[in-house]
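First the structure, in the form of structure tokens, and then the observations on it.
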Amino acid sequence: MESTQTLMPEFYFKGPISALLIQNYGTSKRLLVGEGSVLAVYDLSQKIKIKEFQMFSSCFKILNISMSDDAEKQSKRIIVKTEKSMKVLDQDNYSVIYDFDKHGHDKIVQEKLVGHNLYIINAHNFIEQWDLSSMTLVYRRFCEEECILYSADLNLQNNLIAGGTVFRSILIWENFSNQEQQTETSKVLYRLEGHAGVIFDVKFLKQNQIASVSDDRSLKIWSIDLQEHGKYHLVKEFYGHRSRIWRLAELGYNDLLITVSEDATCKIWNQHSNDNRAIETLKGHQGKNVRALSCYEGLIATGGDDGAVKIWNAEEILMQKQKNQENNQAIIHQYRLPMVESKNQNMEEGIANEEQKVEDSVEIQESQESDVKQKKKKAKVANPKDQVNQIRAIEIIQTIDQNNNSIPYAIAVTNKGSIYGIDMSSSDFKEPRLLFYDENQLNIQDINALTIKSQDKVINLVAISIGDGIAILFKVDLQQNLVQIARIQTCDIKVLNVFLIDESHTLNEDQIGLIASNGRAELIKYSIKNFNDVDIVISQPTIYKVEIKTQFICLVYSSKLNIAVAGDTKGNLFSFDFSQTSDQPLLNFQQLKAHKNERVISLFLDESKGQLYSTSKDNYINVYNFDENKQIQKIQSIKEEDLNIIYNINMMNNKMVLLGFYGNFAYIWNKQENMQIFSIDTKGGNRPLKLKIQEGTNIDEQLYGKHYAFAYSFGDCLVLCNNWLYSSEEEQKVVQSQYTIRECFHGREILCASGFSLKSDKKIILTGGEDSFLKISEYSTNNKDFKMTQSFSNHVASIRSISKAKYRSANLDEGFSQRTYYVLSAGSRMQANLFYAKLNQDNFEMSHLCNFMRSSEQDEEQDFRIMSSAIICHQNQGETVPFVICAFGTSSGELQVFTYHHKKRRLEDLYKIALLSSILTMKKVKVSSNSYAIICGLSNGGIYVLTLKIDQATSQIIVEPSAELEQVHDFGVNTLDACYLKEYNSLVIVSGGDDQQISLLRLELEQSDEGQIKITMKGQFKQYAHSSCIKGLVLSKCNGQLKVASSSYDQRYKEWMIDGDKLVETKTVRHCMSDMNGITIIKSIDQQSSEVCLVGQGISIFQMK
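Last residue of the sequence shown: number 1104 in numbering that gives the first Met the number 0, and the count goes up by one each step with no gaps.
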């Protein structure tokens, strides 16, 4: 169950909330909120602001607020911390007692105050103790293992330090308080391995237990052996968050843990639960990122990037949940349906031949669709006795017993010719009962039920379809037995779908219709009269055909419109109007292209709304209406992100419910509320096939209304439930990249990358990181070998951008060419470096040309930096020395353009303009023989275009602003790419931003008589692409087709195809890259494929064809 309402007050701020603390203040409670550099104090009972302080200068942000560990309450103080400094406040009047700013340049990861002793754990894995009364350093001790910490905790009882590293491990080492041992280092006593990402928070729970949360979206609890160093074990691991988990806290009672995440939720976990899922999910924040967390005596305070602070009374929420569960307990039963041994072994060969006959029919129709189907056609057909039992379809009917009581009854059919029934009326479901078995019919395909109320009687009819073209009609008696009343030979091949319809309402007599579809995409309709008598009358069939060769997969019928809709293997929907009389049923259908060349897996018709739903292998859910002419009209298309494949769709209390698959788990998923209802581990076995929901009348209306029975199958397993479970979100197992992930060889985060292709299987990758090094690595696409070959240390601070420009190519033997490039790296301290690179089929050489640094004391104080860069290399005809032009975008919003002086080896000023916000990303595009466009993505969501023209006669460089596009994104433009389409004289810009959307712009270029380039907007399209901010995006053009690759903090790498003014998703893979910072594309020499590299806490490489 998810709580979406707070039981306490809410507060709203202008900016993101970075720190929270619930303070016990006498008989009341107060809330301390850190927003940027401001500290605000609220009274929770009166819901009013008491005080507000400007704690630090505006360039600093409050990262944590905590209480001291003093034993007496009246002695406690409040610590307010930034990245490198902190202040100690009086808990009553919030006056500053100590102003600690003598720490230095290392980041403070964890602080703890006891008396006048302040303990600080630093990012470079060492601890300091300071005496605040004299502001002197008592001691400093290093861990013997040098690494970077993201989180840490200090246990003063055991004198142990736990540090969460960027390299997926937790290091535990010993602290000390003996001043005579100041110079000693401490050995690592325990190394906890098991996480698959950065450790964002770690906490000591008990003396020997530790909890940790990570980039891999998991919460883990560890136990260490205090008597034997190095010995530990993983006690419990929990999953449920859909993105990175930032913070962890203890609730204060019942051993409950609280986490907050990038997915904007807060979850409550029971350490001793037998399940690995959260017991409650608290929703209320908008957008992404809940980073601030504080807990005290059952209260939870959460603060998000949406500027909201929400207070939750966890005790009341959990008590209400328990009460609801007691009133509405779900009973789950799981069955393995047994196989019935056939006595007639001579029939097996005939049935196998029948299966081959149907497969041949299907394959002839689809022979040109894929090579896979050709192989399938030639494959040997398995003997039926070697096949496992498979549940083909499920129905739930409401039967009436001898006492006139309504009984929910589940019926399942298998591919081995058996039909089983299960009574679901009691809490203890009875064992499956064999209702029907025909040893000659080894392949039941479908089942459909129809309930008819006639003369105060309830008649339940059931129809099944069988592989050799037979449909069988049954009546359900009072003992829930199946009584066969008709056997119809519909055709000579497999009947895939069967549907019963009630025709009594229109004809004023007992008449039903039976519709069957087969492997030749035929719809065969029968009318059956006197079905309740011995003298049953079956009409001649009406056969409806379509004009294309295909196969119907699923079928639904609308009693209001009297039409049937079928979905086929090619993504089409066909509707047949049975109310129209025609001598040529072949012409009596409508065809709609619903899904792009992917089979329609399931259909669901909501008669109350008159809406049709379809799912496909393309993982889209389409919604349709019917117009006044009964024509199908698509009204919505929904991309499903949480399930790999949607096998079935249904509705529950006006909410869309999906049966799907993710990893080894089968899920029933509430799409509207985006949460899991039920899941089961298939252990790598069969996929789920069918889902059936039955509306009941004998249950109290609670969370999900009157729906009280569901059934679904996978393989030979049938799962039944007599009520809906309270939900928790999808368990997000650790997901590894399907391609290559390498450890971070920079020691810190990689911020940018670029690359080159040598021969077909060899790539050169340039990376720049927070460690200020520019590193060159070789990567083999054949054996996935990755090694660093060279390192440049010309930068003094982090490298944030790498760009390149091609100079010339010279043909060599065997068709290979020697190519030369200029490479530009730029980053913090307003520093840049220019390099010259030469490469051929086997070798890559790069040498340094010049260093550029324009940094004042003010720049360093406010951390001004070059955020983005671009480089142009242009050579006029007849000249030997090229123009090398470098452009920089800064954090202060300046766009600076320089030229490279070859003789003096330095950059010289050419142009500068101040924009309204930081320039986060930049690309250059050649738009004519002597003109270029520099495209800038801004932190305010806009895009700025600057054009440069090099006069052929005078060699003068003309720089002019050409376009300023506002609100392309709702928030910052983190990444963009562009290309020039000469045939259309247009510039295509694709960008990704913090608003989780991809924007596609088409700009038309027009050159005036004076030589100025005028840019006109011709088209703009924007769509949501990821569930978190988009940090990397590249554009590729191959064989006239534009493709886009994007990546995000949601750990998904996606590929898109530009179709007109729209983006069509073609691929999604999880990249599991923590803090994904940049992206680059390396095109192969033959231009037929490319490698897309993501960088962050390492490198992830994908192939894009």
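Note that beta-carbon positions come from the ideal geometry of N, C-alpha and C, so glycine has one too.
Since this is a predicted model, take the numbers as computed values, not measurements.
query	result
Below 8 Å between beta carbons: does that hold for C146 and F125?	no
At which residue ranges does the segment 267-324 contain complete beta strand (DSSP E) runs of 3 or more residues, listed in the order of the chain?	279-282, 289-295, 298-303 and 307-312
Quick check: what's the CA-CA separation for L1032 versus Y821?	23 Å
Would the beta-carbon of D98 fall within 8 Å of that of K86?	yes
For Q632, count neighbouring C-beta atoms within 10 Å of its own C-beta (all shown protein chains included) and say buried if the count is 16 or more, exposed if not.	exposed
How about L434 and L481: are their beta carbons less than 8 Å apart?	yes
Is there a Cβ of chain C sitting closer than 8 Å to that of S578, yes or no?	Annotation note: the requested chain C is absent from the structure, which comprises a single protein chain.
Cα separation between S1089 and Q1102?	6 Å
In angstroms, rounded to a whole number, what distance separates the CA positions of F863 and S797?	12 Å
Rounded C-beta distance between G566 and L602? I'm assuming under 8 Å.	5 Å
Say whether the segment 206-220 touches the segment 233-253, bearing in mind that this needs 3 or more beta-carbon pairs closer than 8 Å, one atom from each stretch.	yes
Using a Cβ-Cβ cut-off of 6 Å (strictly less than) and excluding sequence neighbours within five positions of D200, which residues of its own chain qualify?	S150, V212, R246 and L247
Which residues does DSSP pair with V234 in a beta bridge?	BP columns for V234 are empty, so no partner.
Among F882, N442, I912 and N414, which residue has its Cα nearest to the Cα of K902?	F882
Going by Cα to Cα distance, which pick from S538, N517, D532 and R519 is closest to S526?	S538
Can you find at least 3 beta carbon pairs, one from the segment 1019-1026 and one from the segment 992-1004, that sit closer than 8 Å?	yes
From the DSSP output, read off the bridge partner residues of F755.	I763
If you run the structure through DSSP and keep just helix, strand and coil, what is V734?	Its pLDDT being 31, under 50, V734 is placed unreliably by the model, and the measurement read from it follows with that caveat. If DSSP states are grouped into helix, strand and coil, V734 belongs with coil.
Going by DSSP, name the residue or residues bridged to H847.	F834
For K638, which of helix, strand or coil comes out of DSSP?	strand
Could you tell me if Q73 is buried or exposed, where buried requires 16 or more neighbouring beta carbons within 10 angstroms of its beta carbon?	exposed
Taking DSSP's pairing of strands, which residues face Y983 in a bridge?	Answer by DSSP bridge pairing: none, since Y983 is not bridged.
Does the beta-carbon distance from R76 to I61 come in below 8 Å?	no
Under the three-state reduction of DSSP, which class applies to K452: helix, strand or coil?	strand
Anyone know if the C-beta pair for V967 and A977 falls short of 8 Å?	no
Nearest to N596 by CA position, among I78, K46 and T1065, is which residue?	T1065
What is the rounded straight-line gap between the Cα of L833 and the Cα of C849?	5 Å
The beta strand (DSSP E) spanning P15 covers which residue range?	Counting along the chain, P15 falls outside any beta strand (DSSP E), and DSSP gives it neither H nor E.
If I follow the unbroken beta strand (DSSP E) through T1079, where does it start and stop?	G1077 to K1082
For G420, count neighbouring Cβ atoms within 10 angstroms of its own Cβ and tell me buried if that reaches 16, exposed if not.	buried
Going by the DSSP bridge assignment, what does H900 pair with across the sheet?	R905
Output needed for V795: all residues of its chain with C-beta closer than 7 Å, excluding positions within five of it in sequence on either side, in chain order.	S771, R828 and Q830
Taking one C-beta from the segment 248-265 and one from the segment 285-304 each time, how about it: are there three or more such pairs within less than 8 Å?	yes
Straight-line CA distance for K50 to C58?	21 Å
Thinking C-beta only, is F530 closer than 8 Å to I511?	yes
Assuming E769 and L750 make a contact with CB atoms under 8 Å, what is their CB distance in whole Å?	6 Å
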